[in-house]
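Residue numbers (this note's numbering): 12 to 452.
Note that the Cβ used here is the ideal one computed from N, Cα and C, for glycine as well.
First up is the structure itself, then whatever we jot down about it.
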Amino acid sequence: MHVNVLGAGLAGCEAAWQIARRGVKVRLFEMKPQKKTPAHSSDNFCELICSNSLKAARVESAAGLLKEEMRRMGSLLMQCADKCSVPAGGALAVDRNDFSAMVTQRLMAHPDIEIIGREITDFPRDGITVVATGPLTSDAFAEKIIGRCGGSLHFFDAAAPIVTADSIDFEYAFTASRYDKGGDDAYINCPMNKEEYESFHAALVSAERAPRHDVDVMNPKVYEGCMPVEILAGRGLDTLRFGPMKPVGLRDPKTGHRPWAVLQLRTENSEKTLYNLVGFQTNLKFPEQKRVFGMIPALRNAEYVRYGVMHRNTFLDSPRLLGADYAMKDDPELFFAGQMTGVEGYMESAGSGLIAGVNAARRALGKPPVILPPETMNGALSHYIAESQSGDFQPMGANLGILPPLAEHIRDKRERAAAYAKRALEILESVQPAFQEGITE
Numbered sequence: 012m013h014v015n016v017l018g019a020g021l022a023g024c025e026a027a028w029q030i031a032r033r034g035v036k037v038r039l040f041e042m043k044p045q046k047k048t049p050a051h052s053s054d055n056f057c058e059l060i061c062s063n064s065l066k067a068a069r070v071e072s073a074a075g076l077l078k079e080e081m082r083r084m085g086s087l088l089m090q091c092a093d094k095c096s097v098p099a100g101g102a103l104a105v106d107r108n109d110f111s112a113m114v115t116q117r118l119m120a121h122p123d124i125e126i127i128g129r130e131i132t133d134f135p136r137d138g139i140t141v142v143a144t145g146p147l148t149s150d151a152f153a154e155k156i157i158g159r160c161g162g163s164l165h166f167f168d169a170a171a172p173i174v175t176a177d178s179i180d181f182e183y184a185f186t187a188s189r190y191d192k193g194g195d196d197a198y199i200n201c202p203m204n205k206e207e208y209e210s211f212h213a214a215l216v217s218a219e220r221a222p223r224h225d226v227d228v229m230n231p232k233v234y235e236g237c238m239p240v241e242i243l244a245g246r247g248l249d250t251l252r253f254g255p256m257k258p259v260g261l262r263d264p265k266t267g268h269r270p271w272a273v274l275q276l277r278t279e280n281s282e283k284t285l286y287n288l289v290g291f292q293t294n295l296k297f298p299e300q301k302r303v304f305g306m307i308p309a310l311r312n313a314e315y316v317r318y319g320v321m322h323r324n325t326f327l328d329s330p331r332l333l334g335a336d337y338a339m340k341d342d343p344e345l346f347f348a349g350q351m352t353g354v355e356g357y358m359e360s361a362g363s364g365l366i367a368g369v370n371a372a373r374r375a376l377g378k379p380p381v382i383l384p385p386e387t388m389n390g391a392l393s394h395y396i397a398e399s400q401s402g403d404f405q406p407m408g409a410n411l412g413i414l415p416p417l418a419e420h421i422r423d424k425r426e427r428a429a430a431y432a433k434r435a436l437e438i439l440e441s442v443q444p445a446f447q448e449g450i451t452e
């Protein structure tokens with residue numbers, strides 16, 4: 012008896028781990044290193060592409076609650092993320108290389124996980140299967156998914172550039188977190204005055220963009236959470252100043268005043284030698300990125316170890332196809348997990364893999380599925396992808412708005428978030444026995 016897991020990204024790795032720890036053998040298929048997509052560079056599993064941030068760490072936040080639930084459910088990825096964390100203010104960020112290497116090592120060392128290094132071009136015909144091939148599924152297998160699921164939707168995901176720390180000009184930059192939260196070394200801030208910002212904005216909106224070959228370029232669906240900075244800038248002169256370049260909560264120690272606009276840089280690794288441009292996902296051509304972003308004084312001599320890229324992302328019409336256990340409604344032995352299901356975000360994808368993996372193992376063991384209550388953040392996401400009533404289904408990340416309302420109205424935002432978190436973790440505790448059933452490790 013075994014379960015097939017297709018893809019060793021965040022969802023696939025978490026699913027494989029959850030299946031194996033319940034005593035069910037796993038065949039984990041991954042096409043790397045033999046074949047890679049344009050967005051991948053590492054041979055390791057669980058490669059982080061867009062950012063090294065796993066979002067807010069505080070439990071009294073949607074992203075923090077999601078991660079705390081996963082910790083309590085025995086998530087492999089949370090174990091590795093906590094061990095590979097780097098300073099990021101109020102966020103949990105990881106050294107992406109250490110993180111991927113640790114996840115890969117843990118999976119390869121598990122006696123019940125067999126790694127099969129080849130591209131999958133069709134659904135396996137033996138056993139229960141978890142499809143976690145991700146938003147960059149190979150063209151051949153994507154066609155099989157479209158045929159099996161009656162079509163798919165597309166949007167575009169964009170990644171931010173990464174620069175070397177020693178190429179940042181600290182005559183113009185300063186270190187600080189907003190409102191002094193999380194320590195002064197969490198972010199490097201690149202301030203701009205009004206004249207500098209307006210010149211930069213004019214150059215950004217007119218810069219040359221890279222072509223996209225596998226989409227209707229006249230009408231692409233771009234997920235708001237990864238919107239290219241040049242598209243945001245095109246919405247108005249001050250859009251960036253109220254978005255990724257907002258200066259609130261920051262004061263330039265050289266002037267004592269709040270800058271007109273600020274680009275924040277977040278550390279990419281534990282050595283603090285690499286920094287990514289926060290919120291600067293982009294589809295500009297590489298020379299244009301160097302030219303335009305170099306107009307930010309602190310980045311005028313920046314050295315780029317990775318330029319921003321934009322790539323295809325594919326997801327299903329999940330409310331029509333999937334249940335809250337992530338199994339197909341018409342085939343309980345075929346599961347999907349990850350961004351392909353319509354959850355958006357690194358740990359949201361991993362959380363879907365956790366639930367799909369648990370239920371795939373339970374299916375293999377002849378047990379009924381476990382559905383997380385919608386009062387939990389992971390449960391709310393699984394119910395969203397299974398039950399969304401929107402006529403135009405779109406990906407969803409963790410947020411308090413998808414949780415059922417509290418019994419009492421709480422006006423204070425922080426107190427309300429804390430109440431949501433308290434309720435979620437109490438309810439999670441009540442279903443933990445079913446989730447822990449069968450664990451052999």
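Here the stretch 367-383 does not lie against the stretch 105-112, with fewer than 3 beta-carbon pairs under 8 angstroms apart. For residue 115, the secondary structure class from DSSP, reduced to helix, strand or coil, is helix. For residue 370, the enclosing alpha helix (DSSP H) has its first and last residue at 357-375. Shown here, residue 148 sits in coil according to DSSP, grouped into three states, outside any helix or strand. Taking C-alpha positions only, residue 407 is separated from residue 253 by approximately 22 angstroms. Under DSSP, residue 202 takes part in a beta bridge, and its partners are 273. Short of 7 angstroms from the beta carbon of residue 277, and not among the five residues preceding or following it, lie these beta carbons of its own chain, in chain order: 64, 99, 104, 198, 286, 287, 289.
Of 414, 431, 70, the smallest CA-CA separation from residue 421 is found for 431.
Following the DSSP letters along the chain, one finds residue 71 in no alpha helix (DSSP H), marked with neither H nor E. Counting along the chain, the unbroken alpha helix (DSSP H) around residue 388 starts and ends at 388-398. In the structure shown, residue 434 adopts helical secondary structure according to DSSP, grouped into three states.
Judged by their CB atoms, residue 330 and residue 397 are nearer to each other than the 8 angstroms cut-off. DSSP places residue 182 in the coil class of the three-state scheme, outside both helix and strand. Under DSSP, residue 81 takes part in no beta bridge, so it has no partner.
The beta carbon of residue 447 is closer than 8 angstroms to those of 85 in its chain, skipping five residues each way along the sequence.
Secondary structure note for residue 89: its alpha helix (DSSP H) is the uninterrupted segment 87-94. With contacts defined by Cβ atoms closer than 8 angstroms, residue 40 and residue 179 do not form a contacting pair. The Cβ atoms of residue 255 and residue 271 lie no closer than 8 angstroms to each other. The beta carbon of residue 175 lies closer than 7 angstroms to those of 284, 285, 314, 316 in the same chain, with the five residues before and after it left out. The Cβ atoms of residue 37 and residue 139 do not sit closer than 8 angstroms to each other. Contact check for residue 305 and residue 311: beta-carbon distance about 5 angstroms, within the 8 angstroms limit, so the pair qualifies. With a cut-off of 8 angstroms on Cβ pairs, the stretch 135-155 is in contact with the stretch 339-357, counting three or more such pairs.
If you check the CB distance, residue 172 and residue 273 do not come in under 8 angstroms. Excluding the 5 residues flanking it on each side, residue 204 has same chain C-beta neighbours closer than 6 angstroms at 271, in chain order. Counting the other CB atoms within 10 Å of its CB gives residue 42 a total of 16 or more, which places it among the buried residues.
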